[in-house]
Amino acid sequence: MLTYFYLDKSWREQKKPLIIVPLIAFSVAIALAATVYIFPDALTGPTLSAIREEAQSAGSGADPESALIIGAIVSQAPLLAALFAALVGANISIGMTDIEVRSGALEVVLSRGYRMAGIVRSLAIVAGLLGLLSTAVIVVGLFAASWGALSQLDFSGQLPWRVLVLPWPCLAMGIACGLAIQLLLPNLSRVRAGTSGNIAQLLALLPTLIIFLLFTFSAEAASNPAVTWIVSIAFTVIALVLMFFVARAVDIAKLLKQ
44 MLTYFYLDKS
54 WREQKKPLII
64 VPLIAFSVAI
74 ALAATVYIFP
84 DALTGPTLSA
94 IREEAQSAGS
104 GADPESALII
114 GAIVSQAPLL
124 AALFAALVGA
134 NISIGMTDIE
144 VRSGALEVVL
154 SRGYRMAGIV
164 RSLAIVAGLL
174 GLLSTAVIVV
184 GLFAASWGAL
194 SQLDFSGQLP
204 WRVLVLPWPC
214 LAMGIACGLA
224 IQLLLPNLSR
234 VRAGTSGNIA
244 QLLALLPTLI
254 IFLLFTFSAE
264 AASNPAVTWI
274 VSIAFTVIAL
284 VLMFFVARAV
294 DIAKLLKQ
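In the working numbering, the protein residues as written are 44 to 301.
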């Protein structure tokens, strides 16, 4: 019952960001392809190397410039999907929790006999469901772009699988970090970071940003499937453990003073 209540409420409150974030992700992907075509020297050496390796491994059948753009789409799509999935998860979990605390709704729910562990679980489930919806749009769009790009080459049918794997653990990590920061360190959401964000959102994105930089600046990591699987499994486990810990470590009295 509580989960359904949060789902209905959060869908009405978070519907606009859930639509906007995938559009931003697609815009960034288009901008990346344009940058590779117009300013290939603007890319870092490892990124350019990974893009060229992706284009070469896909096969031939396109001119060098087109192959470079195709390689950029295929190699960078998983990273963009992962980053925006984490952004979706962090924004939803932080936004939901902040509204519940500031409006006094959390205190009302607690007064009705719900335990904090159950509330955190419901918030995590709702953030996961809404995040899955938005992330699925991102993944499908970028997967289609990768597949369409590869279809322009004489490739041997390999699947751009990283874009199907990496975003989901990053979504879970964004949700877990968002809940942890907002419930354990709620004051951080009051500290602004730029014109449209806060420190809490930035910290919730930090694990995925580290992975983004790792794959961007390390051609070896970007081209090694084992690294993708290790990161995915590690993020999933850490996110689950973190949510379990948060549900039992929240100081309710301190939280309600915010």
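The beta-carbon is built from N, C-alpha and C at its ideal position, and this holds for glycine as well. In this text the structure is predicted, and so the values were computed from the model without any measurement.
With at least 16 other beta carbons inside 10 angstroms of its own, residue 127 counts as buried. Distance from the CA of residue 124 to the CA of residue 131, rounded to the nearest whole angstrom, comes to 10 Å. DSSP places residue 134 in the helix class (H, G or I) of the three-state scheme.
Ranked by Cα distance from residue 60, the first of 215, 214, 174, 76 is 174.
Counting C-beta pairs closer than 8 Å gives fewer than three between the region 184-192 and the region 148-161, which falls short of the contact rule. Between residue 171 and residue 290, the alpha-carbon positions lie close to 16 Å from each other.
Around the C-beta of residue 268, fewer than 16 other C-beta atoms lie within 10 Å, and the residue is accordingly described as exposed.
Excluding sequence positions up to five before and after residue 46, its CB lies within less than 7 Å of the CB of 165, 168, 169, all in the same chain and listed in chain order.
The three-state reading of DSSP puts residue 44 in coil, since its state is none of H, G, I, E or B. CA-to-CA, the gap between residue 211 and residue 70 works out to about 21 Å. Residue 121 is a Cβ neighbour of residue 185, given a cutoff of 9 Å. Per DSSP, reduced to three states, the secondary structure at residue 164 is helical.
When only Cα atoms are considered, residue 52 and residue 75 end up about 36 Å apart.
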